[in-house]
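Chemist:
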Amino acid sequence: EDQFEILSDEQRLLPKIYLEHNTPKPDAVNTRHPVDDPYILLVHVTHYNRLMWDNGRTPTVVIEHSVAIDPSIRYSGHIERGITVINGMQKRPRIAGYDIFQHAQHRTPLEAVGMGTEEFGGLGDVPYRDLHRRVAEYRYLFSPIRYTSLPLAVIEAMTIGMPVVALATTELPTVINNGVTGFISCDIDKLIDAMQFLLTNPDEARRIGENARVAAGVRFGLDRFIHDWQHAFALARSNTRYAHVG
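In my numbering, the protein residues as written are 873 to 1118.
1. For Gly960, collect the residues of the same chain with a Cβ closer than 8 Å to its Cβ; drop the 5 residues on either side in sequence, then sort them by chain order.
2. Quick check on this structure: which residue in Tyr1000, Gln962, Asn921 and Val1007 has the alpha carbon closest to the alpha carbon of Phe992?
3. Identify, in the order they occur along the chain, each residue of the same chain with its Cβ nearer than 6 Å to the Cβ of Arg1109, setting aside the five sequence neighbours on each side.
4. What ranges does the beta strand (DSSP E) occupy inside the region 970-1043, keeping only unbroken runs of at least 3 residues that lie completely in it?
5. For Ser1057, name the three-state secondary structure that DSSP assigns.
6. If you follow the beta strand (DSSP E) that Gly1093 is part of, which residue opens it and which one closes it?
7. Within a Cβ cutoff of 7 Å, which residues of the same chain sit near Trp1101, ignoring the five residues on either side of it in sequence?
8. Going by C-alpha distance, which of Asp908, Arg979, Leu1003 and Gly1081 is nearest Phe1055?
9. Kindly indicate the opening and closing residues of the alpha helix (DSSP H) around Arg922.
10. Report the option in Arg1078, Val1047, Gln974 and Ser944 whose CA atom is closest to the CA atom of Asp1002.
11. Expressed to the nearest angstrom, what Euclidean distance is found between the alpha-carbon atoms of Ile951 and Val1086?
12. If distances are taken between C-alpha atoms only, which option among Ala1077, Ala976, Ile958 and Asp908 comes closest to Tyr1000?
13. Excluding the five sequence neighbours on either side, which residues of its own chain have a C-beta within less than 6 Å of the C-beta of Met1067, listed in chain order?
Rendered as structure tokens:
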């Protein structure tokens, strides 16, 4: 809607792309996307999101995330605790799985990092330039999120060679190969068993983390990301409505 305040009439005739990062809310399957225009290209960041949004008349593509992390950072896992990376978890407790985090924390050693986590005993906000090196010291990453788009923290952890334990929801079942590149389940007790396994088997944690690093490099690499965006720009420019714009 703000295009009418920001762009001129001539600018609004140019190719347009709308980037949607989120899952549909409030309803998972019946929410109509606010963009309903056959001349705008709607880019989703996961196939799950594209499937669940009602996209109306709008053409869609999926461009999955990529991350750029200091290549010198590698998983060590020497701290015998798990870590969860979420901002403001307690302020969106059902979506972010705050209750699941608390339940797991009572059963196994688990820290939290991110904005607002100091309110419940976590590490608080760590500057992004320091975050990955800090996270890499923990044995595994735990994602308790019930319903968001694919968490960047998961991709970042995999990229540095860290095993991930996560709920098998939204896009994650297509990202983590259970028992090979991490552990996923909708059974919280099974996830806690996986956490305890990683704590007592550091060699297996390193092996699974290395599998995750290889998988992340293939799926979330920058070369693929750049290629996908170049393709999206070409699609947007090819729209017949824009053919007369010189």
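Yeah, the Cβ is synthetic: ideal placement off N, Cα and C, and Gly gets one too.
Modeler: Looking at the coordinates:
1. Ala968, Gly986, Met987 and Gly988
2. Gln962
3. Pro887
4. 982-985, 1010-1015 and 1036-1039
5. strand
6. Where Gly1093 is concerned, there is no enclosing beta strand (DSSP E), given that its DSSP letter is neither H nor E.
7. Ile935
8. Gly1081
9. His919 to Met924
10. Ser944
11. 23 Å
12. Ile958
13. Gly954, Thr980 and Val1037
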